[in-house]
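The opening position of the sequence shown corresponds to residue 378 in our numbering, with each subsequent residue numbered one higher. Backbone N, C-alpha and C define an ideal beta-carbon position, used for all residues, glycine too. All of these numbers come straight from a predicted model, not from anything done at the bench. The structure appears below as structure tokens.
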Amino acid sequence: MSSNNESIGKTLGVVIGLCLVCAVVVSAASVQLRPLQQANKIEDVQRNILAAAGFNDVTDVKATFGTNIESRVINMKTGDFVDVDPMSFDFEMTKFDDTRSIALSKADDIAGVQRMTNNSPVYLSKDENGNVASVILPIQGYGLWGVMFGFLALDSDGQTINAIQFYKHNETAGLGGEIQNPKWTATWAGKSLPIDIVKGTSDGDANKIDGLSGATLTSVGVDNTIDFWTGNTGFGPFLAKVRKGALN
378 MSSNNESIGK TLGVVIGLCL VCAVVVSAAS VQLRPLQQAN KIEDVQRNIL
428 AAAGFNDVTD VKATFGTNIE SRVINMKTGD FVDVDPMSFD FEMTKFDDTR
478 SIALSKADDI AGVQRMTNNS PVYLSKDENG NVASVILPIQ GYGLWGVMFG
528 FLALDSDGQT INAIQFYKHN ETAGLGGEIQ NPKWTATWAG KSLPIDIVKG
578 TSDGDANKID GLSGATLTSV GVDNTIDFWT GNTGFGPFLA KVRKGALN
């Protein structure tokens, strides 16, 4: 009997010891990999900003981004540039900070973001002469199953759409997930604000986009997202200044 108890005790000891060793290894790996994970996250965002600006199949993301994209931060109420490091800005963390954001009413929050930050980053794509070719706005809004994250690229006139790029969402593959389909996103180029996503065909209307087949709620979510971020509660004050030539 004693030998059996001793055997069980040794077995439990080995199991507990192994669990502790594994926990230490996993924790250490997590800590060591955190900087790499953060760097990969930043690179993925930069890659999508570049894609919205028309830079596709980029090999050196960091270098291309640094050469062609200027990151700035604006005050959402006034539309003015503010002296804040864009790399330090995290929308999800900032919007739940009462000192740096405000709660939105249901009437204003058509995109389902809950709160609006006082400031937000914007990205300016430059041409070979250093002139602003497009203004890239970070956007997010609720679709059918969750929040859709993307970038909306406008011409330097602040009115004409150059591109739309979604990079993170929970929409159904083959239906709402078609927001990432290049054939659909290509239809946005050359359209003009305000945009209305319609069922069926847009018939070449400059302010209309064909809705996604079988994904009505996702289409509505994208429509609300664009309306929100280009409206007065979103980047409207900034875009008003852009249209008056502020970037020049």
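Judged by DSSP in its simplified three-state form, A484 adopts coil rather than helix or strand. Per the DSSP secondary-structure output, G518 pairs in a beta bridge with M525. Below 8 Å, enough C-beta pairs join the segment 483 to 490 and the segment 601 to 619 to call them touching: three or more. Put simply, the segment 515 to 522 touches the segment 541 to 559. At least three CB pairs are less than 8 Å apart.
Beta-bridge annotation (DSSP): K503 is paired with V509. I426 counts as buried, since at least 16 other C-beta atoms from the protein chains shown sit within 10 angstroms of its C-beta. When secondary structure is reduced to three states using DSSP, K545 falls in the strand class.
Shown here, R492 sits in a strand according to DSSP, grouped into three states. The DSSP-derived three-state label of I451 is strand. The alpha helix (DSSP H) runs lying completely inside the segment 549 to 586 and spanning 4 residues or more are 559 to 562, given in chain order. Under DSSP, A530 takes part in a beta bridge, and its partners are I513 and A540. N445: member of the alpha helix (DSSP H) spanning V438 to N445, first to last residue. About 15 Å separates the beta carbons of G527 and V512, which is beyond the 8 Å limit, so they are not a contact pair. DSSP links S478 through a beta bridge to T494. Secondary structure at V597: helix, using DSSP grouped into helix, strand and coil.
For the pair M493 and I479, the CB atoms are nearer than the 8 Å cut-off. Here D475 is exposed, its C-beta having fewer than 16 other C-beta atoms within 10 Å. The straight-line gap separating the alpha-carbon atoms of I451 and F466 is approximately 11 Å.
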